[in-house]
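A short write-up of the structure that comes next.
Residue numbers (our numbering): 72 to 494.
Written as structure tokens, this is what we have:
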């Protein structure tokens, strides 16, 4: 197109005053004296050189103009072309739905379900259950060649069995938006649950310190719960509930932290307190709220939200002598291998990890995001602190027990001990 434009350039494309000047020179009838209004013209051969030079300058100008035209035309076309996000969104709307496994939280299901569908015009099926339950179903279906789930949102080491079974997608391929895939938006940069290998399947988007030790204020005084050693008091025998640490989840995370700071001898003594071990979050929380239990270990704040709103006497134990462990709560997202709705899965993942998605998720779960542009200081009201508000990244890496590297080093022996002690 540029070449054709240049080849078709003619004399009549010159400005009027240039045409007069060139005609005067070509005719030989006009001189500087005859045309004093024109700029002085050289004589003889110099006239032809001058005209040639003018023509060359004009041609250069035309070439530059033509190239500029093409350049800006391409920019305009690029701006009008659909972006990867727009293309993915259009394809996702054709798929019509995304299926996501989430923690057992009614508030989370309500907030995410309404917001996502209204924003993108894509239906969302939220399967609320404990992480291990969702993983068991995903793996059972996967081995049978069934694909129902698209995405799993769970906690800690929960998705690691999926990764081991080859049932997880390369997560980096699902990060589209700059505010999601650029590490500068995240405290600590990108942190992966599966941090041992170079493969990246599970993204850890939360980090906070919280109390997973709760008490019934009508059954125990807060001064009776200042150190884990207080749980060994014979007074509490048969009155302590524990979320089963033999399964992935908050119970295992709490047990592993205690193993790390108190050791195996302490846990052996704790096991002799006739612990009420249960995998059901609701039953344990209900037992504490009704005073059947004095303490529970392993349950997070979001489990107790309905009881707190109902005014029941359940409270977190704060200022524990041994400290509170840093964890990622229910903040790990994984895409199931060969999801039935891959484009809708991409839209959900990017929205979940966006500023808006993290604000909603944190509010529903009372858990702290690692996004630097999301405020987490309000969590103090619930006895929780975002890692980015109270510690350095190095402190976090020293205290955490949930990333894959810690699972191998800490959780492995801690869970082995649980299997031995808890019958």
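Glycine is no exception: its CB is placed at the ideal position from the N, C-alpha and C atoms.
Under 8 angstroms between C-beta atoms of residue i and residue j
{"i": "residue 163", "j": "residue 418", "result": "yes"}
{"i": "residue 13", "j": "residue 327", "result": "Beyond the ends of the chain as shown, which are 72 and 494, falls residue 13; an answer cannot be given."}
{"i": "residue 356", "j": "residue 493", "result": "no"}
{"i": "residue 171", "j": "residue 221", "result": "yes"}
{"i": "residue 368", "j": "residue 298", "result": "no"}
{"i": "residue 448", "j": "residue 460", "result": "yes"}
{"i": "residue 424", "j": "residue 251", "result": "yes"}
{"i": "residue 311", "j": "residue 346", "result": "yes"}
{"i": "residue 471", "j": "residue 231", "result": "no"}
{"i": "residue 385", "j": "residue 273", "result": "no"}
{"i": "residue 176", "j": "residue 373", "result": "yes"}
{"i": "residue 168", "j": "residue 415", "result": "yes"}
{"i": "residue 433", "j": "residue 445", "result": "yes"}
{"i": "residue 359", "j": "residue 285", "result": "yes"}
{"i": "residue 31", "j": "residue 155", "result": "Because the chain here runs from 72 to 494, residue 31 falls outside it and cannot be looked at."}
Candidates the options: closest to residue i by CA position
{"i": "residue 300", "options": "225, 279 and 337", "result": "337"}
{"i": "residue 351", "options": "236, 371, 334 and 344", "result": "371"}
{"i": "residue 240", "options": "408, 254 and 431", "result": "408"}
{"i": "residue 453", "options": "437, 245 and 309", "result": "437"}
{"i": "residue 295", "options": "156, 388 and 275", "result": "388"}
{"i": "residue 469", "options": "270, 269, 182 and 332", "result": "332"}
{"i": "residue 344", "options": "353, 325, 358 and 364", "result": "364"}
For residue j and residue i, believed in contact at Cβ under 8 angstroms, the rounded distance
{"i": "residue 279", "j": "residue 400", "result": "6 angstroms"}
{"i": "residue 485", "j": "residue 330", "result": "4 angstroms"}
{"i": "residue 441", "j": "residue 259", "result": "6 angstroms"}
{"i": "residue 303", "j": "residue 361", "result": "Actually they do not touch by this definition, with Cβ atoms about 24 angstroms apart."}
{"i": "residue 490", "j": "residue 317", "result": "6 angstroms"}
{"i": "residue 197", "j": "residue 184", "result": "6 angstroms"}
Bridge partners - residue i, DSSP secondary structure assignment
{"i": "residue 314", "result": "349"}
{"i": "residue 194", "result": "168"}
{"i": "residue 398", "result": "279"}
{"i": "residue 263", "result": "274"}
{"i": "residue 181", "result": "Bridge partners of residue 181: none, in fact."}
{"i": "residue 356", "result": "None; residue 356 has no bridge partner."}
{"i": "residue 457", "result": "279"}
Three-state secondary structure (DSSP) of residue i
{"i": "residue 289", "result": "coil"}
{"i": "residue 270", "result": "coil"}
{"i": "residue 488", "result": "helix"}
{"i": "residue 149", "result": "Because residue 149 sits at a pLDDT of 40, beneath the cut-off of 50, its placement in the model cannot be relied upon, and the following sentence gives the value as read from the coordinates. Three-state result, residue 149: helix."}
{"i": "residue 173", "result": "strand"}
{"i": "residue 387", "result": "strand"}
{"i": "residue 239", "result": "strand"}
{"i": "residue 111", "result": "Note on residue 111: pLDDT 49, under 50, position unreliable in the model; no value is reported."}
{"i": "residue 229", "result": "coil"}
{"i": "residue 80", "result": "Only weak support is given to the placement of residue 80: the predicted model assigns it a pLDDT of 43, under 50, and the question is left unresolved by the model."}
{"i": "residue 407", "result": "strand"}
{"i": "residue 338", "result": "helix"}
{"i": "residue 480", "result": "helix"}
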